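Novice: Structure in structure tokens, see below.
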Amino acid sequence: MRVCYPFMAQYALPFSFPAPVTWSVSELTRYLRQLFENDETLQDVWVQGEISNFSRPSSGHLYFTIKDSGASLRCVMWRNNALRLQFMPRDGSAVEAHGVISIYETGGQYQLYADTLRPAGEGALYQEFMRLKAKLEAEGLFDPERKRQIPAQPRRIGIITSPTGAALRDMLNTLQRRYPLVEVVLAPTAVQGVEAPAGILSAFERLNRLAAPDVILLARGGGSIEDLWAFNDEGVARAIAASQAPVISGVGHETDFTIADFVADLRAPTPTAAAELAVPDQADLRLDLDELGSHLGRLALANIADQRWSLQSLNNRLLLYSPRPRLLGEKQRLDELSLRLASATRHFLALERAQLHSLGRHLSSLSPQAVLERGFAILHDPDGRPIRSVRQVIPGDKLLAQLSDGSLSATVNEILPPSEKG
Amino acid sequence: MPEPLPPVDELTYEQARDELESILAALESEKQSLEQAMALYARGVELTRRCTALLDQAELKVQHISGEDILPFNG
Chain G
45 MRVCYPFMAQ YALPFSFPAP VTWSVSELTR YLRQLFENDE TLQDVWVQGE ISNFSRPSSG
105 HLYFTIKDSG ASLRCVMWRN NALRLQFMPR DGSAVEAHGV ISIYETGGQY QLYADTLRPA
165 GEGALYQEFM RLKAKLEAEG LFDPERKRQI PAQPRRIGII TSPTGAALRD MLNTLQRRYP
225 LVEVVLAPTA VQGVEAPAGI LSAFERLNRL AAPDVILLAR GGGSIEDLWA FNDEGVARAI
285 AASQAPVISG VGHETDFTIA DFVADLRAPT PTAAAELAVP DQADLRLDLD ELGSHLGRLA
345 LANIADQRWS LQSLNNRLLL YSPRPRLLGE KQRLDELSLR LASATRHFLA LERAQLHSLG
405 RHLSSLSPQA VLERGFAILH DPDGRPIRSV RQVIPGDKLL AQLSDGSLSA TVNEILPPSE
465 KG
Chain X
3 MPEPLPPVDE LTYEQARDEL ESILAALESE KQSLEQAMAL YARGVELTRR CTALLDQAEL
63 KVQHISGEDI LPFNG
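Sequence lines, in order, name chains G and X.
Heads up: the first sequence begins at 45 in my numbering, then just goes up one per residue.
Heads up: the second sequence begins at 3 in my numbering, then just goes up one per residue.
Laid out in structure tokens, this is it:
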């Protein structure tokens, strides 16, 4: 008997199926599976519910049930998809799963072959994210020409983050290690929860006004998309754009992108990376300093060599005009003069000596003794006065005559007139 | 340099570093008297030491904003 299924007529199936009189279970199940697999809606479906019966055997595939108060749906996620999951679901997790609905023929069960799993609510958040991103992008808030230059060596860094989070520790450790010369001003604020956006806004305002930092790090450690949601807030985005100091964002992990990342002047994948981008590494600075120092030394040596060379050439020129040859000439002349002086002196002395000798001889020739020896006598009166004229005596005067070998007394007999000469 | 220079020990890292750069530029580009060049060199060596010492001694200074005040921050 040929069974006619009234609903079959409603589907214009693109395959021919010779309907048997009595179906085997396998045939019926395959028929149903093909029905499911040819329904576009069932081949691209998001379904939301709470996870139960979660199991993860050593194969790596995930088996679980998604249920709500009224129904439950068996789910499987193959290993290759499971490996890509950003979070590990547990029993009780509210999730949204995406995949295809098909039938597990052996078990006789329809189930969801999930390829993606995300925490519930993420879908709505994602829509909101895309809407705000498109709006701000249209306003030009993400434009590359809006991005400000991050100073190479900031003196003061502002940090907006939680005062108790690991993100702050990581950033302070990084700054201490790389560039401890910098001064840090923290504007503490909640970075998750409903009060976080207002706190971040206030932090931007006060940090810029009170501390005027050279750059601001806006950071938060990793977390779920809800945890990071403050960084997708429109007010926060506008506060980043309005900040006087350029902003580096470091929110979540490498794979997390927030609106804050798009508006920030520079996006870092993590808080630690934000701190690294904000300051130079002192290891590099020390290498630079070493290089500058040796450059300085080379310049100084080169300068001294220059000076030495120009001094040498000046000295060579100076030697051309040296008075030394003239001095030598002068010295020689002086020597000559000195010799001449000595010789002249000697000559003069010899002459004088000869003259003196001759004078001596002359003198001795004039001695009275010599005269007496030649036969003359010297007359004295009794008082010893020499008699030089006949007018000094009268006849009868006693006279003393001195001869060469003694004296004799005599008496003047008469005064005679002078006799003719010869 | 005609005006008296501030003592090297009073300079910040950036000031010392900037002056070091300008001393090198002066030594490279301008003809200096030997006396000037040696003075510049000596100053440059001092500046290099100052920069290194500042890096050696530096302790990250962390403050935080509390209300309208900036106060020291101790973790």
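Ideal Cβ positions, reconstructed from N, Cα and C, are used throughout, including at glycine.
Small disclaimer: the values here were computed from a predicted structure and weren't measured.
Which residue marks the beginning of the alpha helix (DSSP H) containing Val10(X), and which one marks its end?
Specialist: Working through the second sequence from its first residue, we reach residue 10(X) at position 8. Run containing Val10(X): none; DSSP gives neither H nor E here.
Novice: If we count the other Cβ atoms within 10 Å of its Cβ and call it buried at 16 or more, is Ala53(G) buried or exposed?
Specialist: Indexing the first sequence from 1 puts residue 53(G) at position 9. The predicted position of Ala53(G) is uncertain, since its pLDDT is 49 and thus under 50; no value can be drawn from it.
Novice: On the criterion of 16 or more Cβ atoms from any shown chain inside 10 Å, does Asp334(G) qualify as buried, or is it exposed?
Specialist: The count along the first sequence starts at 1 and reaches residue 334(G) at position 290. Asp334(G) should be labelled exposed.
Novice: With a cut-off of 8 Å, does the C-beta of Gln34(X) fall near any C-beta of chain G?
Specialist: Within the second sequence, residue 34(X) is the residue found at index 32, counting from 1. It does; some Cβ of chain G falls within 8 Å.
Novice: Under 8 Å between C-beta atoms, does Glu16(X) make it to chain G?
Specialist: One-based indexing of the second sequence puts residue 16(X) at position 14. True, the Cβ-Cβ gap to chain G drops below 8 Å.
Novice: Quick check on Arg250(G) - is its C-beta less than 8 Å from some C-beta in chain X?
Specialist: By 1-based counting over the first sequence, the position of residue 250(G) is 206. Output row for Arg250(G): interface = yes.
Novice: Less than 7 Å between C-beta atoms, sequence neighbours within five positions excluded: which residues of the same chain meet that for Ile145(G)?
Specialist: Here the question's residue 145(G) lines up with position 101 in the first sequence. If we look at Ile145(G) and ignore the five residues flanking it on each side, its Cβ neighbours are Phe80, Leu86, Val89, Tyr154, Leu156.
Novice: Could you list which residues in chain X have their beta carbon closer than 8 Å to that of Asn97(G), in chain order?
Specialist: Against the first sequence, residue 97(G) aligns to sequence position 53. Under the 8 Å cutoff, chain X gives no residues; its nearest Cβ is about 45 Å from Asn97(G).
Novice: Please list the terminal residues of the continuous beta strand (DSSP E) segment that includes Asn457(G).
Specialist: Residue 457(G) sits at position 413 when you count from the first residue of the first sequence. Premise fails: Asn457(G) is in no beta strand (DSSP E) and is neither H nor E.
Novice: Using a Cβ-Cβ distance cut-off of 8 Å, determine whether Pro290(G) contacts chain X.
Specialist: Start at 1 with the first residue of the first sequence, and residue 290(G) comes out as number 246. Answer no: the Cβ-Cβ gap between Pro290(G) and chain X never drops below 8 Å.
Novice: Under the DSSP definition of a beta bridge, which residues are partnered with Ala67(X)?
Specialist: Indexing the second sequence from 1 puts residue 67(X) at position 65. The question names Ala, but residue 67(X) in the sequence shown is Ile. In DSSP, Ile67(X) forms a bridge with Ile72(X).
Novice: Can you give me the start and stop residues for the beta strand (DSSP E) that Ala115(G) sits inside?
Specialist: Locating residue 115(G) in the first sequence gives position 71, where the first residue counts as 1. Here Ala115(G) belongs to no beta strand (DSSP E), and DSSP marks it neither H nor E.
Novice: Could you tell me the alpha carbon to alpha carbon distance between Gly466(G) and Phe420(G), rounded to whole angstroms?
Specialist: Within the first sequence, residue 466(G) is the residue found at index 422, counting from 1. Within the first sequence, residue 420(G) is the residue found at index 376, counting from 1. In this prediction, Gly466(G) scores a pLDDT of 42, lower than 50, which makes its location untrustworthy; no coordinate-derived value is stated.
Novice: Return the first residue and the last residue of the alpha helix (DSSP H) that Arg342(G) is part of.
Specialist: Looking up residue 342(G) in the first sequence gives position 298. That run of the alpha helix (DSSP H) goes 326 to 364.
Novice: Got a sec: is the Cβ-Cβ distance from Ala304(G) to anything in chain X below 8 Å?
Specialist: What you label residue 304(G) is simply residue 260 of the first sequence in a count that begins at 1. It does not: the Cβ of Ala304(G) has no partner Cβ on chain X nearer than 8 Å.
Novice: By the criterion of Cβ-Cβ separation under 8 Å, what are the contact partners of Leu26(X) in chain G?
Specialist: Residue mapping note: residue 26(X) aligns to position 24 of the second sequence, counting from 1. Under the 8 Å cutoff, chain G gives Leu336, His339, Leu340, Leu343.
Novice: Give, in chain order, every residue of the region 242 to 276 of chain G whose Cβ lies closer than 8 Å to some Cβ of chain C.
Specialist: Checking the listed chains, one finds no chain C in this structure; the protein chains it contains are G and X.
Novice: The beta strand (DSSP E) with His424(G) in it runs from where to where?
Specialist: By one-based count along the first sequence, residue 424(G) stands at place 380. It spans 422 to 424 - the beta strand (DSSP E) in which His424(G) sits, taken as one unbroken run.
Novice: For the region 45 to 60 of chain X, which residues have a CB atom closer than 8 Å to at least one CB atom of chain G, in sequence order?
Specialist: Cβ contacts with chain G come from Gly46, Val47, Thr50, Cys53, Thr54, Leu56, Leu57, Ala60.
Novice: Buried or exposed: where does Pro8(X) fall if 16 or more other Cβ atoms within 10 Å of its Cβ makes it buried?
Specialist: Residue numbering aside, residue 8(X) sits at position 6 when the second sequence is read from its first letter. Exposed.
Novice: Can you tell me whether Asp159(G) is helix, strand or coil according to DSSP?
Specialist: Against the first sequence, residue 159(G) aligns to sequence position 115. Strand at Asp159(G).
Novice: What's the C-alpha gap between Arg213(G) and Pro163(G)?
Specialist: Position 169 of the first sequence holds residue 213(G). Position 119 of the first sequence holds residue 163(G). Between Arg213(G) and Pro163(G), the C-alpha separation is close to 29 Å.
Novice: By how many angstroms is the C-alpha of Trp67(G) removed from the C-alpha of Gln78(G)?
Specialist: In the first sequence, residue 78(G) corresponds to position 34, counting from 1. In the first sequence, residue 67(G) corresponds to position 23, counting from 1. Looking at the two C-alpha atoms, the distance is approximately 15 Å.
Novice: State buried or exposed for Met45(G), treating a residue as buried only when at least 16 other CB atoms are found within 10 Å of its CB.
Specialist: For this step, residue 45(G) is matched to residue 1 along the first sequence. Legend: pLDDT at Met45(G) = 47, less than 50; position of this residue unreliable, value from coordinates given subsequently. Exposed, since its Cβ has fewer than 16 Cβ neighbours within 10 Å.
Novice: Could you give the DSSP three-state label for Glu417(G): helix, strand or coil?
Specialist: For the purposes of this step, residue 417(G) is taken as residue 373 along the first sequence, with counting starting at 1. If DSSP states are grouped into helix, strand and coil, Glu417(G) belongs with the helices.
Novice: Can you tell me which of the three DSSP states Met174(G) falls into?
Specialist: Here residue 174(G) corresponds to residue number 130 of the first sequence, with the count starting at 1. The answer is helix: DSSP assigns Met174(G) an H, G or I state.
Novice: Figure out for me which residue from Glu149(G), Val259(G), Val238(G), Val65(G) has the closest Cα to the Cα of Glu270(G).
Specialist: As a working mapping, residue 270(G) is identified with position 226 in the first sequence. The residue with the shortest Cα to Cα distance from Glu270(G) is Val238(G).
Novice: Going residue by residue through the region 255 to 340 of chain G, where are the continuous alpha helix (DSSP H) segments of at least 4 residues, counting only ones entirely within it?
Specialist: The region 255 to 340 of chain G contains these whole alpha helix (DSSP H) runs: 278 to 286, 303 to 307, 315 to 322.
Novice: Alpha carbon to alpha carbon, what distance is there between Asp58(X) and Asn252(G)?
Specialist: Walking along the first sequence from the start, residue 252(G) turns up at place 208. Walking along the second sequence from the start, residue 58(X) turns up at place 56. Those two C-alpha atoms are separated by around 30 Å.
Novice: Among Ala349(G), Ala255(G), Gln288(G), whose alpha-carbon lies nearest the alpha-carbon of Ile72(X)?
Specialist: Sequence index remark: in the second sequence, residue 72(X) carries index 70 (1-based). Residue Ala255(G) is the option with its Cα nearest to Ile72(X).
Novice: If distances are taken between C-alpha atoms only, which option among Asn125(G), Arg311(G), Leu180(G), Val229(G) comes closest to Asn76(X)?
Specialist: The residue labelled residue 76(X) in the question sits at position 74 within the second sequence. Measuring from the Cα of Asn76(X), the nearest candidate turns out to be Val229(G).
Novice: Just list the residues that DSSP pairs Leu443(G) with in beta bridges.
Specialist: For the purposes of this step, residue 443(G) is taken as the residue at position 399 of the first sequence. According to DSSP, Leu443(G) bridges with Ala454(G).
Novice: Mind checking who Gly143(G) pairs with in its DSSP beta bridge?
Specialist: The residue labelled residue 143(G) in the question sits at position 99 within the first sequence. DSSP output for Gly143(G) lists Val89(G), Ala158(G) as bridge partner(s).
Novice: So is Tyr365(G) buried or exposed if we call it buried at 16+ other beta carbons inside 10 Å?
Specialist: Residue numbering aside, residue 365(G) sits at position 321 when the first sequence is read from its first letter. The residue is exposed, with fewer than 16 neighbouring Cβ atoms inside 10 Å.
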